[in-house]
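To start, the structure itself, in structure tokens.
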Amino acid sequence: MKLKLLFLLTFLFFITGYSQDSIPKYKWLRSGLVVGYASQNTIFKQDSDYTYETVCFKFSNHFNFYKKNKNSWEILIEPSYYRSQHQLLNYWFISHTVENGDELRAKFMPLKSMNEYVLNIGVVYRRYLNTSSSVFATLNSGPMYIDTDTERLKKGFAFSDIFTFGYNYRLKNVSFDTKCVFRHVSNADLQMPNFGLNSIGFEFGTYFELN
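Numbering (our numbering), first residue to last: 207 to 417.
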């Protein structure tokens, strides 16, 4: 929830600071395809109760919002598909006092494959190092649908919150980037359970540049 609030405040700040004079010739800055991998234990072990791995495919669109000198801000719109795997590891995560505990363990402890359909919207801050390369950070959030029940998250509507930082290199009208990704999935207590799913990973993108 804190990430959603931070995203909203950041977005509103730049909306109120909007200036027609700050927008360059092309509003649409870049569009491309992104692939990535992330897991609950990619870099360090976050939780021994479960495993969670994702492979993602994204259609990434960046709209130039403000640009001055070596700094720019962009609006990010990113429809995404995640193919994920999840498994409950901790037998006692489901308490022995639960009446149907054995039934729930039998349902949730096998390895599961899941589909996640996401629409993330956010902001990108970019710092140009020279005419062909830049470093950037993104903060985005959006609605998603997950098609499988787990002990941590109910099937159905949820939110995908993402923070990234990375490097982009441009070669004429094409650019390439790589970034580190931190992602949290939860449903804001709209359904139970809502323990959430966390992952850290890497993404690689190829873009067509329009400015």
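Where is the CB? At the ideal position from N, CA and C, for every residue including glycine.
With which residues is residue i paired in a DSSP beta bridge?
i, result
"alanine 244", "Thr260, Gly407"
"tyrosine 375", "Ser339, Phe382"
"leucine 239", "Phe265, Thr412"
"threonine 344", "Val330, Thr370"
"glycine 362", "Ile352"
"phenylalanine 388", "Phe369, Ile406"
"asparagine 400", "Leu359"
Who are the Cβ neighbours of residue i in its own chain at under 8 Å, not counting the five residues just before and after it?
i, result
"asparagine 321", "Tyr287, Tyr288, Arg289, Ser290, Ile352, Asp353, Thr354"
"isoleucine 327", "Ile281, Leu282, Ile283, Glu284, Asn346, Ser347, Gly348"
"glycine 362", "Tyr351, Ile352, Asn393, Gln397"
"glycine 407", "Gly242, Tyr243, Ala244, Ser245, Thr248, Thr260, Cys386, Val387, Arg389"
"asparagine 277", "Tyr331, Arg332, Arg333, Tyr334"
"valine 341", "Arg332, Arg333, Leu335, Phe371, Gly372, Tyr373, Asn374"
"tyrosine 297", "Arg311, Met315"
So which of the options has the shortest CA-CA distance to residue i?
i, options, result
"serine 319", "Phe371, Thr337, Glu259, Ser301", "Glu259"
"threonine 412", "Pro399, Val329, Ser405, Lys385", "Lys385"
"tyrosine 334", "Arg376, Phe401, Phe263", "Arg376"
"cysteine 236", "Ser254, Cys262, Asn267", "The sequence as given places arginine at residue 236; cysteine does not occur at that position. Comparing Cα positions, the closest option is Asn267."
"valine 329", "Phe401, Asp395, Thr370, Ser339", "Thr370"
"asparagine 336", "Phe269, Ser366, Asn374, Asn306", "Asn374"
"aspartate 383", "Thr344, Leu317, Asn270, Ser254", "Thr344"
"valine 380", "His292, Ser339, Asn270, Cys262", "Ser339"
"phenylalanine 263", "Gly238, Asn270, Ser254", "Gly238"
"isoleucine 368", "Asp253, Leu403, Asp395", "Leu403"
At a Cβ threshold of 7 Å, is residue i touching chain C?
i, result
"serine 266", "Included in the structure is just one protein chain, with no chain C present."
Ordered along the chain, which non-local residues of its own chain (more than five positions away) have a Cβ less than 6 Å from that of residue i?
i, result
"tyrosine 256", "Leu294, Leu295"
"phenylalanine 265", "Pro285"
"methionine 315", "Leu294"
"glutamate 409", "Val240, Gly242, Lys385, Val387"
"leucine 401", "Correcting the residue type first, residue 401 is phenylalanine in the shown sequence and not leucine. So the qualifying residues of the chain are Arg358."
Short of 7 Å in beta carbon distance, which residues of its chain neighbour residue i, apart from the five on each side in sequence? Order them along the chain.
i, result
"valine 172", "Residue coverage of the chain in this structure runs from 207 to 417, which leaves residue 172 outside it and unanswerable."
"proline 399", "Glu357, Arg358, Leu359, Lys360"
"glycine 307", "Ile300, Ser301"
"leucine 317", "Gln291, Gln293"
"aspartate 253", "Gln246"
Sequence ranges, alpha helix (DSSP H) only - wholly within the stretch 266-326, length at least 4: Segments of the alpha helix (DSSP H) lying fully in the stretch 266-326: 307-314.
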